[in-house]
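Enquirer: Residue numbers (our numbering): 162 to 869.
Cβ atoms here follow ideal geometry from the backbone N, Cα and C, with glycine treated the same way.
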Amino acid sequence: MMELREVTSLLSEQGIRLSADGGRLSAKKDIGSISPGLQSLIREREQDLLDWLKRKEPVVHEFPPLTGKEFPALAAQKALWFAQKSARPHYLHHAQVKIHLEAQVNLPLLVRSLNKLIARRESLRTLLKNTGTGEVMQVVRAPFAVDIPLVTVGKSGVASISENLEHIAKEHAQSRYDLARGPLFRVSVLQFSDRGAGKSVDRQIILFSFHRLILDDRSWGFLLQEWLALYNTFTGDALLPLRVVSVDYADYNIWRPLPWKQKPELQIKRRPVTSLVSLEERHKVVEEWNRTEVAFLETHCVQHLFEEQVSKTPNAVAICYDDQEVNYFELNRLSNQLAHYLIDLGVKPDVRVGLCVEPSLDMLVGLLGILKAGGAYVPLDVADGKERLACRIKYADIKTLLTLSGLKGFLPEQGPQNLYLDTNTEWVGGAWANKNPITPIEPEHMAYALYSQSAAADDIAVVMPHRALVNLIQWQVGVSRCTTGSKTLLLNPITCGMGFQEIFATWCSGGSLVLAPKKRSGNYASLWRFILQEKIERIFLGASTLQSICEAREVVSDDSDKFMAQEALREVIAGGAPLAISPQIKSFFSRLSKCKLMGQYSRPELQVAASYLFEAPIKKWQDVPIVGRPIANGKIYILDKLLRPVPVGAVGDLYVGGAGLAQGYLGRVSLTEARFVTSPFAKDSNEYLYKTGDKAKFLPDGSVELAG
């Protein structure tokens with residue numbers, strides 16, 4: 162029996178084209194011209210030929226127009242949406258069309274035609290948002306009306322009309338769009354007089370600016386043609402030639418991904434795509450364990466918190482050093498004098514000021530004065546050497562350096578203007594002493610830039626905004642047992658984040674900072690005696706320093722135990738790397754009846770991300786490094802390589818986010834983009850996560866534990 166492909170080949174050679182008509186075969190050739198043998202073959206294989214013709218017919222899908230308000234974004238839109246998050250400058254993906262008019266436009270009819278166009282075209286009503294699950298969606302707003310401002314442009318000062326036109330058009334194109342609220346376009350009409358050939362002619366320019374998320378270089382031309390047609394219709398110059406829009410771009414976006422093969426065969430060796438995280442567990446690790454939202458003073462900067470405390474406790478002791486005391490009123494007065502002097506030198510928001518001073522009253526006044534002036538402090542250490550200091554000063558663009566005359570020989574010869582706090586008296590006194598400076602500082606402005614303490618990272622500085630630090634301070638004050646009058650040891654250098662934390666967590670609760678004598682630095686036994694003698698109530702320190710103090714206590718004479726019986730220490734806060742409990746630490750705290758131990762997981766890029774309070778009984782304290790749970794307004798996620806949550810107990814990459822996150826690395830855009838990624842869980846597209854580089858896992862109670 163002849164195979165079907167041989168039959169179809171024979172028919173093709175004879176020029177016979179068959180088709181199916183109502184379940185019967187028909188031929189596009191006179192039946193009489195077909196040989197009897199071939200007619201017999203066709204009748205014999207009629208059903209096979211009908212089946213073959215049916216398989217050859219293309220699959221035609223009926224696509225009804227979409228209904229609803231949200232649709233998946235196109236691949237190109239997703240790529241552009243993510244690119245916008247790190248776009249430098251922010252208007253990189255903005256576009257503008259200028260329409261030069263020879264005659265005066267009828268502005269009311271132009272507005273009417275534009276609003277008609279908005280109602281017709283969903284692209285002009287489209288927004289983009291993150292659903293919180295990593296999916297970017299188009300949201301189509303209901304039709305809305307806009308107005309078109311008429312801007313009259315003339316000369317101003319030395320600027321010509323053309324220069325002013327260019328400036329206004331540039332500002333029109335570069336102004337930010339709110340991707341989640343819209344609209345993602347704007348229209349204005351510029352009117353100006355063109356003086357030429359001895360006469361003045363009024364001319365107009367229509368500015369049509371838009372974000373490329375809703376229009377590309379091809380589509381905006383069609384859109385403007387349609388706008389012109391609508392305008393001509395409303396002016397009576399033409400009939401409306403436009404059809405009703407039944408299908409829009411969102412419909413095409415849904416249809417486009419359909420593959421040619423609707424039911425592809427799967428190979429047996431293929432692994433099924435199955436999520437190991439149930440919806441209930443995902444909700445727990447993403448939402449429930451990150452439900453940390455707490456109101457805080459989002460509109461305040463760090464210095465504002467200090468100034469409020471001064472008004473509450475002006476006579477309380479703010480600093481203790483070398484048997485001397487400085488109260489809050491005096492500290493505020495000194496820092497105000499310095500701040501006003503720095504403002505006269507040009508210090509303002511986001512201007513970086515170097516601070517190279519050993520722990521002292523001058524250091525604290527200098528730090529506070531920089532913040533009050535609206536600037537950002539950059540702490541420097543002479544131990545880094547002249548060459549490294551010169552590199553860091555240059556990279557941070559430091560124009561003013563606060564230091565001491567005794568450190569002059571350790572500083573680079575060629576550098577910024579040095580202000581010696583101990584000998585330069587120009588900033589002392591003045592009529593501003595009791596007036597807090599008023600500066601245009603905002604919570605998103607830089608508070609400090611801390612250089613990495615790694616020997617291999619000369620020019621990597623973390624930029625921390627005021628908003629993140631205000632959240633940290635208010636959380637720390639809220640969970641602390643120390644209040645007005647409580648003594649906190651100033652132990653950490655200001656070149657690390659914990660130095661900032663211990664200073665302002667103390668000052669913003671009315672406490673006293675106690676400066677340890679320099680000779681005790683590094684001598685942990687002597688340092689412990691000082692803590693007991695001065696009745697220190699709180700210390701901030703790294704995990705390794707805590708271990709050293711605990712070991713030193715064991716070799717201190719028995720007299721220290723007499724002090725310990727009267728000890729005032731109430732809080733020990735171990736920050737930096739997660740704390741692993743050693744036998745020495747257990748022994749140390751077993752003798753401190755009133756003291757609580759809190760571990761804090763911190764990095765320069767996030768200050769404090771999580772905390773863990775070690776509670777009694779001490780003998781049950783674990784020797785594993787516990788990260789704990791996120792602090793107020795903080796987020797912690799443990800994710801796989803595709804930024805998906807891993808099951809509870811499974812090891813993944815530790816990411817942190819929330820209000821305490823740094824802005825990134827000073828001048829290091831590519832490094833910032835690599836380590837700060839857009840959160841796949843946030844509804845706000847401007848929220849980021851920092852990849853810590855640590856491996857961790859969730860415990861059943863929601864705490865986080867490091868895993869190697």
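According to the neighbour-count rule (16 or more other Cβ atoms, all chains shown, within 10 Å of its Cβ), is residue 645 buried or exposed?
Expert: Exposed is the call here.
Enquirer: In chain order, what residues of the same chain lie with their CB nearer than 6 Å to the CB of residue 211, ignoring the 5 residues before and after it?
Expert: Cβ within range, chain order: 181.
Enquirer: Less than 8 Å between the C-beta atoms of residue 517 and residue 460, yes or no?
Expert: No; because the gap between Cβ atoms is not below 8 Å, this pair is not in contact.
Enquirer: Over the uninterrupted beta strand (DSSP E) stretch that includes residue 674, give me the two end residues.
Expert: Note, residue 674: beta strand (DSSP E), 673-676.
Enquirer: If I'm right that residue 213 touches residue 165 with Cβ under 8 Å, what's the distance once you round it to whole angstroms?
Expert: Their Cβ separation, rounded to whole angstroms, is 6 Å, which keeps residue 213 and residue 165 in contact under 8 Å.
Enquirer: I'd like the list of long-range same chain contacts for residue 798, defined as Cβ closer than 6 Å, with 5 residues on each side in sequence excluded.
Expert: If we look at residue 798 and ignore the five residues flanking it on each side, its Cβ neighbours are 816.
Enquirer: For the candidate residues 168, 232, 209, whose alpha-carbon lies nearest to that of residue 185?
Expert: The shortest C-alpha separation from residue 185 is found at 209.
Enquirer: Considering only residues of the same chain and omitting the five flanking positions on each side of residue 712, which have a CB-CB separation below 8 Å?
Expert: Answer for residue 712: 685, 745, listed in chain order.
Enquirer: So is residue 345 buried or exposed if we call it buried at 16+ other beta carbons inside 10 Å?
Expert: That one is buried.
Enquirer: Going straight from the alpha carbon of residue 573 to that of residue 551, what length do you get?
Expert: Distance between the alpha carbons of residue 573 and residue 551 is about 6 Å.
Enquirer: Leaving aside the five residues before and after residue 220 along the sequence, list all residues of the same chain whose C-beta is less than 7 Å from its C-beta, in chain order.
Expert: Note that residue 220 scores a pLDDT of 46, beneath 50, so its modelled location is shaky; the value from the coordinates is reported in the next line. Result list for residue 220: empty, nothing under 7 Å.
Enquirer: Give the DSSP-derived three-state secondary structure of residue 556 in the structure shown.
Expert: Here residue 556 sits in helix by DSSP.
Enquirer: Residues bridged to residue 564 by DSSP?
Expert: DSSP, once it has assigned bridges, lists 517, 581 as partnering residue 564.
Enquirer: Leaving out five residues before and five after residue 779 in sequence, what residues of the same chain have Cβ atoms less than 6 Å from its Cβ?
Expert: Contacts found: 747, 750, 751.
Enquirer: Residue 775 lies in the beta strand (DSSP E); which residues open and close that run?
Expert: Its beta strand (DSSP E) spans residues 768-775.
Enquirer: My understanding is that residue 488 touches residue 477, with C-beta atoms under 8 Å, so please give their C-beta distance in whole angstroms.
Expert: Confirmed, Cβ separation roughly 6 Å.
Enquirer: So what's residue 481 in DSSP terms, helix, strand or just coil?
Expert: Three-state DSSP puts residue 481 in a strand.
Enquirer: Quick check on the burial criterion: 16 or more other C-beta atoms within 10 angstroms. Buried or exposed for residue 865?
Expert: By the 10 Å Cβ count, residue 865 comes out buried.
Enquirer: Buried or exposed: residue 790, going by 16 or more other Cβ atoms within 10 Å of its Cβ?
Expert: The residue is buried, with at least 16 neighbouring Cβ atoms inside 10 Å.
Enquirer: In angstroms with no decimal places, state the Cα-to-Cα distance between residue 496 and residue 586.
Expert: About 13 Å.
Enquirer: Provide the residue span of the alpha helix (DSSP H) that contains residue 332, from first to last.
Expert: Here the alpha helix (DSSP H) through residue 332 covers 322-335.
Enquirer: Is the beta carbon of residue 626 sitting closer than 8 Å to the one on residue 604?
Expert: In this structure, residue 604 lies closer than 8 Å to residue 626 by Cβ.
Enquirer: Between residue 203 and residue 176, what straight-line distance do the alpha-carbon atoms span, to the nearest angstrom?
Expert: Looking at the two C-alpha atoms, the distance is approximately 14 Å.
Enquirer: Just how far apart, CA to CA, sit residue 714 and residue 659?
Expert: Cα to Cα, the separation comes out at about 23 Å.
Enquirer: Let me check understanding here. Comparing Cα to Cα, which of 818, 812, 807 lies closest to residue 437?
Expert: Ranking the options by Cα distance to residue 437, first place goes to 807.
Enquirer: Quick check on this structure: which residue in 370, 546, 628 has the alpha carbon closest to the alpha carbon of residue 309?
Expert: Closest by alpha carbon: 370.
Enquirer: Between which two residues does the alpha helix (DSSP H) holding residue 637 run?
Expert: That run of the alpha helix (DSSP H) goes 627-640.
Enquirer: Should residue 450 be labelled buried (16 or more other beta-carbon atoms within 10 Å of its own) or exposed?
Expert: It is buried - the Cβ of residue 450 has at least 16 other Cβ atoms within 10 Å.
Enquirer: I need the DSSP call for residue 259, collapsed to helix, strand or coil.
Expert: Strand.
Enquirer: So, using beta-carbon positions, are residue 847 and residue 632 closer together than 8 Å?
Expert: No, they are not a contact pair.
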